[in-house]
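Worksheet: the structure to be examined is printed underneath.
There are 2 protein chains.
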Amino acid sequence: MSSLLVTGSIALDTVETPSGKAENQLGGSATYFSLAGSILNPVRLVGVVGEDFPKEYTNLLAKSPIDLQGIEVRKGSKTFRWHGRYSEDMNNRTTISVALNVLGEHGPKIPDKFKDSQHIFLANSDPALQLEFLDQLTSPKLIVCDTMDLWIEHNRQNLLEVLQRVDGVVLNDSESRLLTGETNILTAAQIVCQLGPKFVVIKKGEHGAMLFSEGAIFLLPAYPTQKVVDPTGAGDSFAGGFMGYLASVDQTDFQAQAQALVYGTIIASFTVESFSLDAISKIKRQDVDRRRMDFLKMIGTTLNV
Amino acid sequence: MSSLLVTGSIALDTVETPSGKAENQLGGSATYFSLAGSILNPVRLVGVVGEDFPKEYTNLLAKSPIDLQGIEVRKGSKTFRWHGRYSEDMNNRTTISVALNVLGEHGPKIPDKFKDSQHIFLANSDPALQLEFLDQLTSPKLIVCDTMDLWIEHNRQNLLEVLQRVDGVVLNDSESRLLTGETNILTAAQIVCQLGPKFVVIKKGEHGAMLFSEGAIFLLPAYPTQKVVDPTGAGDSFAGGFMGYLASVDQTDFQAQAQALVYGTIIASFTVESFSLDAISKIKRQDVDRRRMDFLKMIGTTLNV
C-alpha cells in the first residue's frame, strides 16, 4: 500500500446509449478513477463541486476507501454537467451539451495532509491547472497524467510542459495520433516518450491497450464482455485500476506496469456493464481477481510459451 | 508434417497505397495462403489462371515448397484481376476495378493425387464452388473456410451449407457481424459456432485476432509493425500461417489452434511490409521464429502469470 492521489472532474452526467438513458448520474474522471483505484488501494480525491452536488453521491463515494477531504464544495457555484449520446455500436459519442460551471473557475487546492502523496494521477483537465497542481506536491514518486483533444489542440504549450514533468501518460489512440501527427501507433508512442514521459499507455477501447516503456512493449487485448451498457468512464476506470495496482505493490518497473495494465483492463470491463458507477461501486477485489484469472487464460497462460 | 491443401483465387493485382503503386503484381487469396503456409508445411495449391499468367510468377511460387500441379492454365481465358486503393490510414480500401475473368467460369478440379489431403483451406470464393470442392475430398481431417461480404449477402444459402460441413471458419470482424446481425463480437462468434463450425477465428486487422473454440476463448493482439506498405493479403497470409502450423504439428486441439494464431499473426506481419508477395516470399522459418519470440515477450511472457 502506498498513497494514491487523483485530481480531475466530478460531474453530473446524462448519458444516452442504445441500452437507455440515465439522467444526472454521478460521473467525472476523478470519480471513476477513485472508485476503480480504491478497489486495490486507498485513494485521495481532490476535486471541486458546486452547492448542487447531491449528498447521496458523496455518501456513495464515502462507502469506498476514498478520502474525500480534498473535495471542495464551492459556495455559489454549480457542479460540472455533461450530456452525451452514444452511437448504435457504442464506438462514437456526441456531446449534446456541456456546462463547465465550477470547472471553468479556478482549480481546487490540495489539502496539506495530501501533499506528501507518492502516486499521483492527473486526470484529464486543463494542463494549466495540472501544472499548478504539480507545484503543490512535496514528494511524488510516480506521476501519470491523462489529457484530451481539446488541450492538445488549444493548450499545447502547457501540455508539453506537463509531459516534461510526468513519469507516464495515458492516452487513447486518437489522442496519441493528434498529439504527434503520426498514424502509426508505435511511432506515435515513441514520439510521445521523446516529449518527456518514461512510459506511455495507449488505450484502444474494445481493442485493448498497449504499454511502451523505455524500449519495451506490452500488448493487451480488452476483456471481451457481452454486456456493454454504457462505455462512459471506462478510460478513467482503466487508469484507476492501473494506478491502484502500482500503488498497492509500490513498484514502478515494467513488469508491475504490465500487471497494472491487466488490472486496469479488468476493472474497466465492469464499468461498461452498467450506467454510471453502478457496477463498479458494487464489486470487490475478489470479483476483479476472479475475472482476471479468466482473462489470463484467454490471453495465453494455456500456451506453452 | 501433414498434407495441406488450399483452393482460392490466383490474381494479378494493381494496388495503390500511401506508399506507392504496384501494377499487375502476383496476388490472390490462394497465392498469399500458399506462400505463408509453405514456410511451415508444404502446400498443395489448387486454382485456375488464364493464358496471360506470367511465367515468372509460376517460377516464384515454385521456389517454395508449393505443389503447383493443381494450377490449371485455362486456354482462351484470362487471369482474375483486381485494382484497389487504400485510404491514408490504410484502414479502408476501395475497389477501383475488378475483372473476374476465369473466376467467373467453372471452378478448378482437384488433381487425383491431392484428393487424400487432410488439412484443407477453402479460401474466399463462391460457396457453390466451395461445396463442389468439398465433394471431391476423400479423407479430410480439418476443413477451414473463409468467405466475404458478397457471399454472405448474395449466396447465403450455399454459405450456410458450407458452414455445416467445415470444422472452422476464419472471418474478419465486419463479416462476422454481417453474417450474424450481431455487433458484439463475442455474441457473433457464438452464433457462428451454432451454424456448424467447431471454431471460429475473428480477424481484426491491426487490432489482432480472436479464437472461439468449443467454449474457450483465446485473444491475441496484432504484431505492432511500424512499416505498413500494403495490407493486401494479410488475412490470407494469416490463414496460411494458421493452417500451416496446424498441419506441421498435425494437431487440432485448442492449444495448437492458439499457437497457430500466433504463427498466422507473425507471418501476416511480414506480408504488410511490402507490396505483393515481396516480403513473404523472402522470409524463412527462422525469421518467423525470431519475430515470434519478440512477440511472445510483448504479449506477456514477462508476466508472472
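Chains A and B supply the protein sequences, listed in that same order. At position 297 of the first sequence the residue is numbered 284 (the numbering used here), and the sequence of numbers has no breaks. At position 143 of the second sequence the residue is numbered 130 (the numbering used here), and the sequence of numbers has no breaks. Glycine included, each C-beta is placed from N, C-alpha and C at the ideal position.
Could you say which of A:His93, A:Lys128, A:Asp103 lies nearest to Ser114 of chain A if we only look at CA atoms? As a position in the first sequence, residue 114 of chain A is number 127, starting the count at 1. Residue 114 of chain A is actually Pro in this sequence, not Ser. When each option's Cα is compared against that of Pro114 of chain A, the closest is A:His93.
From the beta carbon of Thr167 of chain A, is the nearest beta carbon of chain B less than 8 Å away? Working through the first sequence from its first residue, we reach residue 167 of chain A at position 180. Chain B contact via Cβ: absent.
Ignoring anything shorter than 3 residues, give me the beta strand (DSSP E) runs that lie fully in the stretch 8 to 58 of chain A, in order along the chain. 30 to 37
Leaving out five residues before and five after Arg152 of chain B in sequence, what residues of the same chain have Cβ atoms less than 8 Å from its Cβ? Looking up residue 152 of chain B in the second sequence gives position 165. Cβ neighbours of Arg152 of chain B beyond the five flanking positions: Leu118, Leu121, Ile130, Gly183.
Min CB distance Gly24 of chain A to chain B below 8 Å: Locating residue 24 of chain A in the first sequence gives position 37, where the first residue counts as 1. Gly24 of chain A does not count as touching chain B.
Residue nearest to Ala9 of chain A in terms of C-alpha spacing, selected from A:Val216, A:Met230, A:Phe257, A:Gly228: Looking up residue 9 of chain A in the first sequence gives position 22. The shortest Cα separation from Ala9 of chain A among A:Val216, A:Met230, A:Phe257, A:Gly228 belongs to A:Val216.
Check whether the stretch 18 to 35 of chain A and the stretch 211 to 230 of chain A are in contact - that is, three or more C-beta pairs closer than 8 Å. yes
Taking the alpha carbon of Asp116 of chain B as the point to measure from, which residue in B:Met280, B:Leu27, B:Ile286, B:Gly91 has its own alpha carbon closest? Residue mapping note: residue 116 of chain B aligns to position 129 of the second sequence, counting from 1. Checking the displayed sequence, the identity of residue 116 of chain B turns out to be Leu instead of Asp. The residue with the shortest Cα to Cα distance from Leu116 of chain B is B:Gly91.
Quick check on DSSP: helix, strand or coil for His194 of chain B? As a first step, residue 194 of chain B is located in the second sequence; it is residue number 207 there, counting from the start. In the structure shown, His194 of chain B sits in a helix (DSSP, three-state: H, G or I).
Exposure label - Ala49 of chain A; buried when at least 16 CB within 10 Å: In the first sequence, counting from the first residue as 1, residue 49 of chain A sits at position 62. Flag for Ala49 of chain A reads exposed.
Could you tell me if Asp54 of chain A is buried or exposed, where buried requires 16 or more neighbouring beta carbons within 10 angstroms of its beta carbon? Within the first sequence, the letter at position 67 stands for residue 54 of chain A. Buried, because 16 or more other Cβ atoms sit within 10 Å of the Cβ of Asp54 of chain A.
If Trp69 of chain A sits next to Ala(-2) of chain A, beta carbons under 8 Å apart, how far is it from one beta carbon to the other, in whole angstroms? In the first sequence, the residue the question calls residue 69 of chain A occupies position 82. In the first sequence, the residue the question calls residue -2 of chain A occupies position 11. Contact holds; Cβ gap of about 6 Å.
Any chance you could list the alpha helix (DSSP H) runs of at least 4 consecutive residues sitting entirely within the stretch 213 to 257 of chain B, in chain order? 221 to 236
Whole angstroms are fine: how far does the CA of Asp274 of chain B sit from the CA of Lys284 of chain A? If you number the first sequence from 1, residue 284 of chain A lands on position 297. If you number the second sequence from 1, residue 274 of chain B lands on position 287. Approximately 28 Å, taken between the alpha carbons.
Would you say Gly71 of chain A lies against chain B (beta-carbon separation less than 8 Å)? Here residue 71 of chain A is taken as the residue at index 84 of the first sequence, counted from 1. Not one chain B Cβ lies under 8 Å of Gly71 of chain A.
Given Gly168 of chain B as reference, the closest of A:Glu75, A:Ile204, A:Ala196, A:His141 once Cα atoms are compared: Mapped onto the second sequence, residue 168 of chain B falls at position 181. When only C-alpha atoms are compared, the closest one is A:Glu75.
Within the 8 Å Cβ cut-off, does Gly228 of chain B reach chain A? As a working mapping, residue 228 of chain B is identified with position 241 in the second sequence. Closer than 8 Å: no.
Strictly below 8 Å CB to CB, what residues from chain B border Thr174 of chain A? The residue given as residue 174 of chain A occupies position 187 in the first sequence. Near Thr174 of chain A (Cβ distances below 8 Å), the residues of chain B are Gln213.
Cα-Cα separation between Ile254 of chain B and Phe241 of chain B, rounded to whole angstroms: Along the second sequence, read from residue 1 onward, the residue named residue 254 of chain B stands at position 267. Along the second sequence, read from residue 1 onward, the residue named residue 241 of chain B stands at position 254. Each residue's alpha carbon lies about 20 Å from the other.
Does the beta carbon of Asp154 of chain B sit closer than 8 Å to a beta carbon anywhere in chain A? Residue mapping note: residue 154 of chain B aligns to position 167 of the second sequence, counting from 1. No, because no Cβ of chain A sits closer than 8 Å to the Cβ of Asp154 of chain B.
Measure from the C-beta of Leu27 of chain A to each C-beta in chain B and report whether the shortest distance is under 8 Å. On the first sequence, position 40 is the one that residue 27 of chain A refers to. Closer than 8 Å: no.
Enclosing beta strand (DSSP E) for Leu158 of chain A [first to last residue]: The residue labelled residue 158 of chain A in the question sits at position 171 within the first sequence. Taken as a continuous stretch (DSSP letters only), the beta strand (DSSP E) holding Leu158 of chain A covers 155 to 159.
Quick one: which chain A residues come within Cβ less than 7 Å of Gly195 of chain B? Reading the second sequence from its first residue, position 208 is the one you call residue 195 of chain B. Going along chain A in sequence order, the residues near Gly195 of chain B (Cβ under 7 Å) are Pro208.
If you measure beta-carbon to beta-carbon, which residues of the stretch 134 to 159 of chain A are closer than 7 Å to chain B? none
Outcome for Pro95 of chain A when other beta-carbon atoms lying within 10 angstroms are tallied against a minimum of 16: Taking the first sequence and counting its residues from 1, one reaches residue 95 of chain A at position 108. Label assigned to Pro95 of chain A: buried.
For a contact defined as C-beta to C-beta under 7 Å, what are the partners of Thr337 of chain B on chain A? The structure shown does not extend to residue 337 of chain B, since chain B spans only -12 to 292, so no value can be given for it.
In angstroms, rounded to a whole number, what distance separates the CA positions of Val89 of chain B and Ser126 of chain B? Within the second sequence, residue 89 of chain B is the residue found at index 102, counting from 1. Within the second sequence, residue 126 of chain B is the residue found at index 139, counting from 1. Spanning the two alpha carbons is a distance of roughly 28 Å.
Take the Cβ of Gly202 of chain B as the centre, count every other Cβ of all protein chains shown within 10 Å, and call the residue buried at 16 or more, exposed below. Working through the second sequence from its first residue, we reach residue 202 of chain B at position 215. Classification for Gly202 of chain B: exposed.
Shorter than 8 Å from the beta carbon of Lys191 of chain A to some beta carbon of chain B? For the purposes of this step, residue 191 of chain A is identified with residue 204 of the first sequence, where counting begins at 1. By this cut-off, Lys191 of chain A is an interface position.
If Val179 of chain B and Ser163 of chain B are in contact, beta carbons under 8 Å, what's the gap, nearest whole angstrom? Locating residue 179 of chain B in the second sequence gives position 192, where the first residue counts as 1. Locating residue 163 of chain B in the second sequence gives position 176, where the first residue counts as 1. Confirmed, Cβ separation roughly 6 Å.
Residues that DSSP places opposite Glu3 of chain B in a beta bridge: Position 16 of the second sequence, counted from the first residue, corresponds to residue 3 of chain B. Answer by DSSP bridge pairing, in chain order: B:Lys8, B:Arg72.
Below 8 Å, can you find three or more Cβ-Cβ pairs linking the stretch 31 to 46 of chain B to the stretch 264 to 283 of chain A? no
Expressed to the nearest angstrom, what Euclidean distance is found between the alpha-carbon atoms of Arg80 of chain A and Glu3 of chain A? Within the first sequence, residue 80 of chain A is the residue found at index 93, counting from 1. Within the first sequence, residue 3 of chain A is the residue found at index 16, counting from 1. Rounded to whole angstroms, Arg80 of chain A to Glu3 of chain A spans 9 Å at the Cα level.
Contiguous alpha helix (DSSP H) assignments of at least 4 residues, all confined to the stretch 92 to 173 of chain B: 114 to 122, 136 to 141, 143 to 152, 160 to 167
Based on Cα-Cα distance, which residue from B:Ala23, B:Leu124, B:Thr(-6), B:Ile172 lies nearest to Gly231 of chain B? On the second sequence, residue 231 of chain B is found 244 positions in, with the first residue counted as 1. Answer by Cα proximity: B:Ala23.
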